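Take a look at the structure set out below.
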Amino acid sequence: MKRFPSFGFQRRKRELQEEIDAHLQMAIADRVARGETAESARQAAAREFGNILLVQDVTRDMWGQAWLEQLGRDLRYALRQLRKSPGFSITATAMLAVAICANSTVFSWIDGTMLRPIPGARNTGDLVSLQRGERNFSPTPPFSYLDYRDLREQNRAFAGILAYHHDWITLTGGAHPERVYIANVSSNYFDVLGIKPLLGRFFLAEEESRPDAVPNVVLGYSLWKTRFAADPAIVGKSIEIARHPVTVIGVAPEGVVGAMPGIREDLWVTLDPLGTEVWRMTHRSGGAVWLNVIGRLRPGVSRAQGAQDLDTVMRNIVAAYPDDHLGENRITLDPMWRSPFGANGYLATTLPILLAFAAVVLLLTGANVATLTLVRFVSRRRELAIRQSLGANRVQLVRQLVMEGVVLSIVAGAVALLLTSWTSKTFAWFFPANSNPVILNGSMDHKVVIGIAVSSLLVGMLCGALPAWRSSHAPAAEVLKAESASISGGSRNRKLLSGLVVAQIALSLPLLICSGLFLRTLRNLANANPGFEQDHILTATVGLNIAGYSHDEEQVIRHKILDRVSALPGVKVTSFTDWIPMTLSHKGEDAYPEGYVPHPHESLQVYHAEVAPRYFESLHIPILEGREFTPDDDEKAPRVLIVDQTAARRYWPGQDPLGKRLRIWGHLFTVVGVARNSTHMLMNESPEPMVYMSFFQVGYETIVQVKTEGNPADFAPAVENTIHEIDPQLPVFDVRPMRESTQIASSFAVVESALAGMFALIGLVLAVTGIYGVVAYRTQMRTHEFGIRMALGASRVDVLRLVLLQGLWLAGTGVALGLAFALGLTRLIARLLYGIGANDPITVVSVVMLLGAMSMAACYLPAHRAVRRNPVTAIREL
Amino acid sequence: MNEKDQYKNRIELLQGTLDMLILQTLQWGQQHGYGIVQALRLRSGDVLQVETGSLYPALHRLERQGWVQSEWKQSESKQKARYYRITAKGKKQLSSDLGRWERIVEAIGSVMYVKPEESES
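Just so you know, the protein sequences line up as chains Z and X, in that order. Those letters in the first sequence? Residues 1 to 878, per this note's numbering, in order. Those letters in the second sequence? Residues 1 to 121, per this note's numbering, in order.
Structure (structure tokens):
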């Protein structure tokens, strides 16, 4: 029976009209035949027939396809109403668009990072990231190759387990050496990720640990495009890495950047391509613990089952090689979206909270637009009442009023979609250039579009349906006969209005408090003393270790650099290090005091850095006891180290650490000094023990650290040139002031405070305009009443107090509720704060005062207007 | 207060009977809407006054249910009008409606006419 909607609908409508016309014509003809005049017959027939439009309406309902026409009619009606009040329409659309955009932007960032942890990989939901031992916020690679191989071969819960080691290296052979990011990977790396080569092939199982005279390499898409001009015949060709010839066997497809979330890899080689890392491949502890491991769970296997399975295997390994597995060895698994390796560990603590904030903004905006809508509906109550008495039923009215909200939110959603396509790409702005190849950005895909659609629909319902249902309640007869004084929307509307205003204040208060806390955190971070002096310091990385130089060549070049850079005018101190603090990287190693037998499950990991003489001097880190390194602490001298206070306390509490010895990598190092504690990773870290070793004894990477007079950035070209004068083929990169490098440590605080600040500002504006709107509206409604009050002798102050008290009561209730809400919300962000408590009284009090003062001002304006009216004109006004 | 609701209520109240009356009227031959109103009024001796607001929705619903068919024709007075004709399905419906109606009348009657000698209509 159902026809295609609207097909023939117009024709049937016309036919119904003709049918009714015929009916009337026949009735008139009959009456004329009975002797009535044409005019009176026409009138009588029409009277007898009744309401033609209504008959048509009810009849059309019987066709069962009227909904489409109704929808069209409601839509046209809504558009007409919205056009009539452009101020409201534009304001409401703009507010909704901003609120939806806030949500979709944060969601697009989550979507582009946490929800897409490994671009190009198949079903990343099945992938888990393995940790061994104590769970750590920023762990170092946790597995040795032999342990990894045992886990891979003896587990039952995994379809595959891969291992990789992220590093950088120099691409030589071209005009200029180029630093690229490389990963040593297990042979099943691409297989487990579910990635097929664009060209050539990936690694074979027998190649995994086999050194080759000419090793194989897989190129990343962008490197293939930029460095090798997308050569379609690249497979089989020989290129040069760190002055070794290698053969290209394949190219990864576009978008594939490796398995570490948020970090880019440019090319891939096997675990020991040259046979120079045999030690790493054949040991289970110390420097041989170098691999990050990711597993793909078999279908139907839960993460807990997977962890249990691996734990069993690991226990057997520990039992077989107890000396290599001192400390805690339990295996834990993380889904990739919060994998602690790479960027997601940081993002997972930040972005969901920001999304929650954005959701609060959306709710707040919904409440605000609902307030405006309700006020509009109340002022349209006469129109609504007339339409009701003309036969519109309540459901119809509500449908039409809701349609106005839906139209607003659809337009707002479309605007938000446009805005988000731009804002989703702004995430990368927050991450300054640094030595890590961070590739974080938002993405705009179908999930974001669905998110926008859902949130705009929800908010449309909220700001349309609620006021519409309320407004349609008004009994038509009373509205029509009543005068304005008695119908200021009725007490139910008044309650709803008050409720909406209270909700807006209650929602904006926690936003303001959180943003206050974040902003003060940011200021505290900027002013904090990290324990070292980073101004006037320039650092430059020299890729000696990754450019294929022999060890002896390296040492010669290092000394040449030291001599020549020191001689530059304006350079005060030149030193070396292989680590820069507060760049989100660190190196960890097990360290045991001489003769100490560790308890089972005891982890004695320390951070370590290798620094040259005058390192502490140039960073102003005081040596509290003993001495700094000297040029004599070289490879011929006994191994020495300097511990920081935390390490000294851990290993030799209450004793003098000088002269004590620590065993690291199986060698004994003698403590020659104690340095004051300084920040390693983040300002709000809990201090980890740190040992400094002599750069000329065990230094690996070469970072030149220069203390300059004046702006260190000005010295960058001179330092780079000086190094290139020694050898033009030396790769020099990451030349930048230390203050620039350490910015990455506070970038998440910047994201948090920037967004929370923006959201709070929106919240404040909405809350204040909300309370202003409602108080102004109610005051206007009571003009008549105020006129009478003043005519009867009430003073202006009395009326002023009346209005202000009303506004203050609303604000007070909102603030009280908001404080309760804020207590819950600030607990969520406590972890992200620095130098300030989650319930910091100064922040709370100043925010409450700010909100209170703004609310007062918002109430004062309409109150002031009310008392300035002439009572006589006020009484006349209805 | 609400005219449309009232129409709808009336249709529902009369649903069974109005459908039956329309179908019965069409038994005597095809007829247009106005004709049906007139026929019902005449046959009931001016007692049954069918509202157009009930008639047309009912006619269109009956057509949708397949109980009547309609076509446009010239009336005797050269007026183009939509004529409704009862279908075979409609006739079956009419007899079942009639049966139900008789049972209702009988049932109501047996309640009302407990003492037949006192009964007045």
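Here a beta-carbon is modelled for each residue, glycine too, at the ideal position from N, C-alpha and C. Since we're looking at a predicted model, the values are computed, not measured.
Amino acids of chain X, ordered along the chain, whose beta-carbon sits closer than 8 Å to that of residue i
i                : result
Trp63 of chain Z : His60, Arg64
Phe49 of chain Z : Thr52
Beta-carbon separation (whole angstroms), residue i vs residue j, contact threshold 8 Å
i                 : j                 : result
Arg243 of chain Z : Gly548 of chain Z : 3 Å
Met260 of chain Z : His165 of chain Z : Not quite, the Cβ-Cβ distance comes to about 10 Å (not below 8 Å), so this is no contact.
Leu500 of chain Z : Arg470 of chain Z : Wrong, their Cβ atoms sit about 11 Å apart, outside the cutoff.
Met683 of chain Z : Ala528 of chain Z : 5 Å
Cys514 of chain Z : Ile829 of chain Z : 6 Å
Ile771 of chain Z : Ser855 of chain Z : 5 Å
Asp578 of chain Z : Gly699 of chain Z : 5 Å
Phe143 of chain Z : Val293 of chain Z : 5 Å
Ala647 of chain Z : Val606 of chain Z : 6 Å
Ile546 of chain Z : Lys707 of chain Z : About 26 Å; that fails the 8 Å criterion.
Ile195 of chain Z : Asn216 of chain Z : Not really, about 17 Å apart at Cβ, beyond 8 Å.
Partner residues on chain Z for residue i, Cβ-Cβ distance less than 7 Å
i                 : result
Ser77 of chain X  : Ala29
Lys89 of chain X  : Near Lys89 of chain X there are no residues of chain Z at all, since even the closest Cβ is about 13 Å away, more than 7 Å.
Tyr113 of chain X : Simply none; closest approach about 37 Å.
Gly33 of chain X  : Glu19, His23
Rounded separation between residue i and residue j - CA only
i                 : j                 : result
Gly673 of chain Z : Pro712 of chain Z : 29 Å
Leu71 of chain Z  : Ala78 of chain Z  : 10 Å
Ala526 of chain Z : Ser746 of chain Z : 8 Å
Pro467 of chain Z : Val111 of chain X : 52 Å
Gly109 of chain X : Glu102 of chain X : 10 Å
Asp656 of chain Z : Tyr692 of chain Z : 17 Å
Cys859 of chain Z : Arg494 of chain Z : 16 Å
Val68 of chain X  : Tyr84 of chain X  : 6 Å
Pro593 of chain Z : Asp563 of chain Z : 36 Å
Val765 of chain Z : Leu851 of chain Z : 10 Å
Gln6 of chain X   : Leu98 of chain X  : A caution first: Gln6 of chain X carries a pLDDT of 45, below 50, which makes its placement in the model unreliable, though a value can still be read off. Distance between the alpha carbons of Gln6 of chain X and Leu98 of chain X is about 26 Å.
Glu533 of chain Z : Asn188 of chain Z : 46 Å
Arg394 of chain Z : Val402 of chain Z : 12 Å
Ala503 of chain Z : Val774 of chain Z : 13 Å
Pro340 of chain Z : Ala348 of chain Z : 9 Å
Glu71 of chain X  : Ile100 of chain Z : 54 Å
Asp57 of chain Z  : Asp74 of chain Z  : 14 Å
Ser753 of chain Z : Leu364 of chain Z : 19 Å
Lys236 of chain Z : Asp309 of chain Z : The sequence as given places Gly at residue 236 of chain Z; Lys does not occur at that position. Distance between the alpha carbons of Gly236 of chain Z and Asp309 of chain Z is about 41 Å.
Met738 of chain Z : Leu568 of chain Z : 19 Å
Gly489 of chain Z : Leu96 of chain Z  : With a pLDDT of 49 at Gly489 of chain Z, under the threshold of 50, the modelled position of that residue is not reliable, and the figure given next carries that caveat. Between Gly489 of chain Z and Leu96 of chain Z, the C-alpha separation is close to 25 Å.
Pro862 of chain Z : Val406 of chain Z : 31 Å
Beta-carbon neighbours of residue i, restricted to chain Z and to distances below 8 Å
i                : result
Arg82 of chain X : Glu15, Glu18, Glu19, Ala22
Contacts that residue i makes with chain X (C-beta to C-beta distance below 7 Å)
i                : result
Gln25 of chain Z : Gln79
Phe9 of chain Z  : The contacting residues do not exist; Phe9 of chain Z stays about 13 Å from chain X at best.
Interface partners of residue i on chain Z, CB under 9 Å
i                : result
Gly29 of chain X : Near Gly29 of chain X there are no residues of chain Z at all, since even the closest Cβ is about 16 Å away, more than 9 Å.
Proximal residues of chain X, C-beta to C-beta of residue i below 9 Å
i                : result
Gly35 of chain Z : Those within 9 Å of Gly35 of chain Z in chain X number zero; the least Cβ separation is about 17 Å.
Legend entry - Entirely enclosed alpha helix (DSSP H) segments - the region 488 to 531 of chain Z, minimum 4 residues: For the region 488 to 531 of chain Z, whole alpha helix (DSSP H) runs of length 4 or above, ordered along the chain, are 490 to 527.
Inset, instruction - Please confirm if the region 446 to 466 of chain Z is in contact with the region 411 to 420 of chain Z, defined as three or more CB-CB distances below 8 Å between the two stretches. - result: The count of Cβ pairs closer than 8 Å, one atom from the region 446 to 466 of chain Z and one from the region 411 to 420 of chain Z, reaches three, so the stretches are in contact.
Legend entry - Start-end ranges of the beta strand (DSSP E) lying completely within the region 682 to 706 of chain Z, minimum 3 residues: If we require 3 residues or more, the beta strand (DSSP E) runs fully inside the region 682 to 706 of chain Z come out as 690 to 694.
Legend entry - Contact the region 435 to 444 of chain Z vs the region 259 to 279 of chain Z: 3+ CB pairs below 8 Å: They touch, by the three-pair rule.
Inset, instruction - Answer yes if the region 685 to 699 of chain Z comes into contact with the region 840 to 854 of chain Z, meaning at least three C-beta pairs across the two stretches below 8 Å, and no otherwise. - result: Touching, no.
Legend entry - Those runs of the alpha helix (DSSP H) which lie wholly inside the region 283 to 330 of chain Z and span at least 4 residues: The qualifying runs are 303 to 320.
Inset, instruction - Please go through the region 55 to 97 of chain X and give each complete beta strand (DSSP E) segment of 3 or more residues, from N-terminal end onward. - result: Those beta strand (DSSP E) runs which fall completely within the region 55 to 97 of chain X and span 3+ residues are 68 to 74, 80 to 86.
Legend entry - Segment contact, 8 Å Cβ cut-off, at least three pairs: the region 33 to 48 of chain X with the region 87 to 98 of chain X: Not touching, per the Cβ criterion.
Legend entry - the region 56 to 65 of chain Z touching the region 379 to 389 of chain Z, judged by at least three CB pairs closer than 8 Å: For the pair of segments examined, the region 56 to 65 of chain Z was found not to touch the region 379 to 389 of chain Z: the number of CB pairs separated by less than 8 Å stays below three.
Inset, instruction - Pick out the complete beta strand (DSSP E) segments inside the region 151 to 183 of chain Z, 3 residues or longer, and give them in chain order. - result: Listed in chain order, the complete beta strand (DSSP E) runs (minimum 3 residues) inside the region 151 to 183 of chain Z are 158 to 172.
Inset, instruction - Would you list, in sequence order, the uninterrupted alpha helix (DSSP H) runs of no fewer than 4 residues that lie entirely inside the region 541 to 591 of chain Z? - result: Within the region 541 to 591 of chain Z, the complete alpha helix (DSSP H) runs of at least 4 residues fall at 551 to 566.
Inset, instruction - Evaluate contact between the region 363 to 377 of chain Z and the region 169 to 189 of chain Z, counting only Cβ atoms and requiring at least three cross-stretch pairs below 8 Å. - result: Touching, no, given that fewer than three Cβ pairs across the two stretches are closer than 8 Å.
Inset, instruction - Please confirm if the region 625 to 636 of chain Z is in contact with the region 712 to 723 of chain Z, defined as three or more CB-CB distances below 8 Å between the two stretches. - result: Result no; under three Cβ-Cβ pairs closer than 8 Å.
Legend entry - the region 733 to 745 of chain Z touching the region 505 to 522 of chain Z, judged by at least three CB pairs closer than 8 Å: Cβ pair count under 8 Å is below three, so no.
Inset, instruction - Mind listing, in chain order, the continuous alpha helix (DSSP H) runs of no fewer than 4 residues lying wholly within the region 240 to 283 of chain Z? - result: Scanning the region 240 to 283 of chain Z from its first residue to its last, the whole alpha helix (DSSP H) runs of 4-plus residues come out as 278 to 282.
Inset, instruction - Determine, using beta-carbon pairs with one atom in the region 312 to 329 of chain Z and one in the region 796 to 809 of chain Z, whether at least three such pairs fall under 8 Å. - result: Taking 8 Å as the limit for Cβ pairs, the verdict is that the region 796 to 809 of chain Z does not touch the region 312 to 329 of chain Z.
Inset, instruction - Any chance you could list the alpha helix (DSSP H) runs of at least 4 consecutive residues sitting entirely within the region 23 to 71 of chain Z, in chain order? - result: The qualifying runs are 38 to 49, 52 to 63.
Inset, instruction - Count the C-beta pairs between the region 300 to 320 of chain Z and the region 96 to 116 of chain Z that are closer than 8 Å, then say yes if the count reaches three, no if not. - result: The region 300 to 320 of chain Z is not in contact with the region 96 to 116 of chain Z.
Legend entry - Unbroken stretches of the alpha helix (DSSP H), 4 residues or longer, contained in the region 739 to 782 of chain Z: Segments of the alpha helix (DSSP H) lying fully in the region 739 to 782 of chain Z: 747 to 781.
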